[in-house]
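Asks: Protein sequence lines, in the order shown, are assigned to chains A and B.
Under our numbering, think of the first position of the first sequence as 75, with each following residue one higher.
Under our numbering, think of the first position of the second sequence as 75, with each following residue one higher.
Dropping the structure in here first, questions after.
Protein chains: 2
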Amino acid sequence: MAVLKVHGSPISTATQRVIAAINEKGLEYEFVHVNLAEGEHKREPFLSLNPFGQVPAFEDGDLKLFESRAITTHITRNYATSGTSLAPAINNPSVCVNWMQVENHQFEPVTSALTWELVFKPMFGMTTDAAVVEEKEAKLAKVLDVYEKRLSQSKYLGGDAFSLVDLHHLPNLQCLMGTPIKKLFESRPHVSAWSADILARPSWVKVLDMLKN
Amino acid sequence: MAVLKVHGSPISTATQRVIAAINEKGLEYEFVHVNLAEGEHKREPFLSLNPFGQVPAFEDGDLKLFESRAITTHITRNYATSGTSLAPAINNPSVCVNWMQVENHQFEPVTSALTWELVFKPMFGMTTDAAVVEEKEAKLAKVLDVYEKRLSQSKYLGGDAFSLVDLHHLPNLQCLMGTPIKKLFESRPHVSAWSADILARPSWVKVLDMLKN
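See the structure below:
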């Protein structure tokens, strides 16, 4: 089996997404630390791995990928028999793809903005923009209303089993759990149960352990 | 074969994306017009088709989907033997998925913002925000620099054949061709050739004809 290499940073949510998928599959990998503070992601040799200059980048033998959700999809497909399946529910892959796109276009933009304002800006000594937080919080509430209904019909977003759809949410979800936005998740019973369930997965706890070290 | 139904509006870029894929496959479909000006997308019965209240929504028999790229993926997979393949290049599906995610996370956010400022705001009598245009234009230029390099290596973004990766770009690309942003595409030889090639596809010309009527 080819050696998997992840080039990234533990504080990068996209890097965390990839590691979570590798952990679910129980695969070995080499972690190549990219020093963001020194701008290593904006120059060679990293730019040859990801021309957009963002972490992570990924190698599986000769194959090079860089978009986090494309990497998790590759891992799911190419290591299908290892660990958790992670694949879309077999009876209805199109519905699962639909909810993967919901994460891409409804959850990710608003939670990334909130994470930036409430987690990373304070970390970098910058000032949170309260107006942006208010706007995005209102948007997230509407998204979570739809999630609440969906999760009252199936245990996970893609169907009855944990899959990539849920996994893709983990990094931003984790970040927001340390902010006042947490209440939006906790006030919705099905969202709250789903959130607690996926955040407790050993694959994710292992990512958090990596962050602590 | 089940009758395909597209609920949407011809001026919606996401609706156009779906129709382009159906046209590439040469499939029959029923178009159900959703009157956006009257807010039909924000109330029942439409909300039962898309709880986020956005067009399009799609039905294939009993299956209901609403994210445009999930619908095109479903059409590609479930009507594999009709019309153009549209599937990721068979030798390297993971690379194709990677570039589909590039469209999702690099091209779409910046071109949607530019389309809103330069096409839809003027259409609705609103004022274009020049600062936003300047910022997004600079970002798009960097994205297109990466595209230029990619397209010097393969004729299409996903590989040597036209695929969903390219198709997903069509609606925003078309909108920007009627704005000063056009120069960013035309000044890059490979991007310019790719853009002219995909905009001239009969499937897309048919979408434009629908818009004119």
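Virtual Cβ for every residue (Gly too), placed ideally from N, Cα, C.
The structure presented is a predicted model; accordingly, all values stated were derived computationally and were not measured.
Can you pull the chain B neighbours of R143(A), defined as C-beta to C-beta under 7 Å?
Replies: By 1-based counting over the first sequence, the position of residue 143(A) is 69. Within 7 Å Cβ-Cβ: Q175.
Asks: Closer than 8 Å, CB to CB, is F181(B) near chain A or not?
Replies: Walking along the second sequence from the start, residue 181(B) turns up at place 107. Among the residues facing chain A, F181(B) is not included, as its CB has no counterpart in that chain under 8 Å away.
Asks: Would you say N246(B) lies against chain A (beta-carbon separation less than 8 Å)?
Replies: Position 172 of the second sequence, counting from 1, holds the residue named residue 246(B). It does not: the Cβ of N246(B) has no partner Cβ on chain A nearer than 8 Å.
Asks: Please name the residue or residues paired with H81(B) in a DSSP beta bridge.
Replies: The count along the second sequence starts at 1 and reaches residue 81(B) at position 7. As a beta-bridge residue in DSSP terms, H81(B) pairs with V106(B) and A131(B).
Asks: When the distance is taken between beta carbons, is A95(A) closer than 8 Å to I149(A)?
Replies: Here residue 149(A) corresponds to residue number 75 of the first sequence, with the count starting at 1. Here residue 95(A) corresponds to residue number 21 of the first sequence, with the count starting at 1. Yes, these two residues count as a Cβ contact at 8 Å.
Asks: What are the complete alpha helix (DSSP H) segments, minimum 4 residues, inside the region 201-239 of chain B?
Replies: As far as the region 201-239 of chain B is concerned, its whole alpha helix (DSSP H) runs of at least 4 residues are 204-227.
Asks: Report buried or exposed for P119(A), applying the criterion of at least 16 other Cβ atoms within 10 angstroms of its Cβ.
Replies: Taking the first sequence and counting its residues from 1, the one referred to as residue 119(A) is at position 45. That one is exposed.
Asks: Do E104(A) and K138(A) come within 8 Å of each other at the CB atom, strictly closer than that value?
Replies: By 1-based counting over the first sequence, the position of residue 138(A) is 64. By 1-based counting over the first sequence, the position of residue 104(A) is 30. Going by C-beta atoms, K138(A) is not nearer than 8 Å to E104(A).
Asks: Mind checking if S342(A) is an interface residue toward chain B, Cβ cutoff 8 Å exclusive?
Replies: With chain A covering 75 to 287 only, the question about residue 342(A) has no answer from this structure.
Asks: Which first and last residues belong to the alpha helix (DSSP H) in which K257(A) is found?
Replies: Locating residue 257(A) in the first sequence gives position 183, where the first residue counts as 1. K256 to E260 is the span of the alpha helix (DSSP H), which, as asked, contains K257(A).
Asks: Flag this pair as yes or no: are the beta carbons of L244(A) and L160(A) separated by less than 8 Å?
Replies: As a working mapping, residue 244(A) is identified with position 170 in the first sequence. As a working mapping, residue 160(A) is identified with position 86 in the first sequence. The answer is no: Cβ separation not under 8 Å.
Asks: Kindly indicate the opening and closing residues of the beta strand (DSSP E) around L137(B).
Replies: Along the second sequence, read from residue 1 onward, the residue named residue 137(B) stands at position 63. Run containing L137(B): L137 to L139, per the beta strand (DSSP E) assignment.
Asks: Confirm, please, whether the CB-CB distance from W278(A) to G232(A) is below 8 Å.
Replies: Within the first sequence, numbered from 1, the residue matching residue 232(A) stands at position 158. Within the first sequence, numbered from 1, the residue matching residue 278(A) stands at position 204. Contact: no.
Asks: Just grab the DSSP bridge partners of L160(A) for me.
Replies: Reading the first sequence from its first residue, position 86 is the one you call residue 160(A). For L160(A), which the question treats as bridged, DSSP gives the partners S237(A).
Asks: Can you tell me the Cβ-Cβ gap for D240(B) and I272(B), rounded? I've got them flagged as a contact below 8 Å.
Replies: The residue labelled residue 240(B) in the question sits at position 166 within the second sequence. The residue labelled residue 272(B) in the question sits at position 198 within the second sequence. Correct: roughly 5 Å between the Cβ atoms.
Asks: What first and last residue would you give for the alpha helix (DSSP H) that runs through W268(A)?
Replies: Along the first sequence, read from residue 1 onward, the residue named residue 268(A) stands at position 194. W268(A) -> alpha helix (DSSP H) spans P263 to L273.
Asks: Considering only residues of the same chain and omitting the five flanking positions on each side of P162(B), which have a CB-CB separation below 7 Å?
Replies: Locating residue 162(B) in the second sequence gives position 88, counting from the first residue. Within the same chain, P162(B) has close Cβ partners C170, V171, G232 and S237.
Asks: Going by C-alpha to C-alpha distance, which of K216(B), L250(B) and T89(B) sits closest to A143(B)?
Replies: Numbered from its first residue, the second sequence carries residue 143(B) at position 69. According to the sequence as given, residue 143(B) is Arg; it is not Ala. If we check each option's Cα against that of R143(B), T89(B) comes out closest.
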